[in-house]
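With the working numbering applied, the sequence shown corresponds to residues 1 to 169, in that order. Each residue gets a CB set at the ideal place from its N, CA and C atoms; glycine is no exception. Computed from a prediction, not measured in an experiment: that's the story for all the values here. To keep things clear, I will list the structure first and then write my remarks on it.
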Amino acid sequence: MNAAAQAKLAQAKARLDTLDLYPRPVRMRRVRLVSAPWLFRLPWFRRFHGYTMWDLILVRAPVAEAGDDLVTHELCHVWQMQHHPVAMPLSYVYRGYRDNPNEVQARQAAETTRALPRFGLCDSCRHQRLVRTARGSVFTMCLRAKTDASFPKYPRVPVTACRGHEPRS
Ligand code: SF4
1 MNAAAQAKLA QAKARLDTLD LYPRPVRMRR VRLVSAPWLF RLPWFRRFHG YTMWDLILVR
61 APVAEAGDDL VTHELCHVWQ MQHHPVAMPL SYVYRGYRDN PNEVQARQAA ETTRALPRFG
121 LCDSCRHQRL VRTARGSVFT MCLRAKTDAS FPKYPRVPVT ACRGHEPRS
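Take a look at the structure:
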């Protein structure tokens, strides 16, 4: 998977990690993001810009141009599948597409996490965990603080320099 796909998936995961829709965060080990414009030329797929098959997310546009909201929406479907591998796909048989609870949840996940505050270097760091309060405020937490007291748990933002910064993979 190329760097653009990895970056797109990383930002989508960071957004979903601020939500508590399921007991466990979305697992990324087997998730792939691939551009497949040919698929979206087929009659049944023409209405979609993205489509998820288990851990494979297919998008109509080149990966680098895929919308962040779209990737977040599709990654939410991956998350749903990880927790309801049978009920989730079956729901499309008896609930249809538009008002399917999984679609509603994925749309809300993208909307809720859109336009997060910017926290500087932390936004590209693999040690960042975004924390969302019940009132909707979002804070950046540094996971390094758990093992190294020299890192503040909640750094002053925007962070412009940090010796602990490591890019997301
Ligand atoms: S290591 Fe530095 S850049 Fe990374 S999350 Fe912590 S404070 Fe932010």
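- Here the region 66 to 82 makes contact with the region 33 to 52; the two share three or more CB pairs at distances below 8 Å.
- Shortest Cα-Cα distance from Leu58 to any of Gln108, Thr72, Cys142 and Arg32 involves Arg32.
- Less than 8 Å divides the Cβ of Thr72 from the Cβ of Ala109.
- Beyond the five residues adjoining it in sequence on each side, Asp148 comes within less than 7 Å, by CB distance, of no other residue in the same chain.
- With a cut-off of 8 Å on Cβ pairs, the region 92 to 112 is not in contact with the region 144 to 164, counting fewer than three such pairs.
- Only residues of its own chain outside the window of five on either side were considered, and among them Met81 have a CB closer than 8 Å to the CB of Pro89, listed in chain order.
- Relative to ligand 1, the beta carbon of Leu130 is positioned no closer than 7 Å to any heavy atom.
- Inclusion of Pro62 and Ser124 in the CB contact set at 8 Å is not warranted, their separation being larger than that value.
- Tyr22 and Arg163 have their C-alpha atoms spaced approximately 33 Å apart.
- For Leu130, DSSP records a beta bridge to Thr140.
- In this structure, Pro155 has its beta carbon less than 7 Å from a heavy atom of ligand 1.
- Taking 7 Å as the cut-off, one finds at least one heavy atom of ligand 1 near enough to the beta carbon of Val159.
- Using a 10 angstroms sphere on the CB of Asn2, the tally of other CB atoms stays under 16, which defines it as exposed.
- The alpha carbon of Met28 has as its nearest neighbour, out of Arg144, Thr160, Trp54 and His165, the alpha carbon of Trp54.
- His83 has its alpha-carbon roughly 23 Å from the corresponding atom of Arg114.
- The beta carbon of Phe139 sits no closer than 7 Å to any heavy atom of ligand 1.
- If you draw a straight line from the Cα of Ala161 to the Cα of Gln11, it comes to about 20 Å.
- Met81 sits in a helix when the DSSP states are folded into three classes.
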